[in-house]
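Counting in the working numbering, the sequence shown runs without a single skipped number right up to 102 at its last residue.
In this text, a Cβ means the ideal position worked out from N, Cα and C, and glycines have one as well.
Keep in mind that this is a model prediction, so the values were computed, not measured.
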Amino acid sequence: MAQSLLSLLPGVFTAVFTPAAPFCRYLPGDSVWPSAVIWSALNTSVGGRLIATVPLASPCHDPTYNAATCAYD
30 MAQSLLSLLP GVFTAVFTPA APFCRYLPGD SVWPSAVIWS ALNTSVGGRL IATVPLASPC
90 HDPTYNAATC AYD
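Structure representation (structure tokens):
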């Protein structure tokens, strides 16, 4: 297990030490955003305690756009 986690370190270091763009955060879809495999390894390393969040406004934006759900009553 430790060996498999160690094999993921290069990807983590790439994300952490890549020079920052004009802004200081990365988003899903950015080239340095960690892959699902790296997120899974991180989740495993913290005993499955990561919580995947979904923004409340996600129905109002692609790719999850839903006009009925997005409508504010």
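- The beta carbon of T98 sits closer than 7 Å to those of P88, all from its chain and outside the five residues before and after it, given in chain order.
- In the three-state reduction of the DSSP assignment, P63 falls in the coil class.
- Comparing alpha-carbon positions, the option among C53, I80, A100 and A86 lying closest to S69 turns out to be I80.
- Between the alpha carbons of Y101 and P92 lies a gap of roughly 19 Å.
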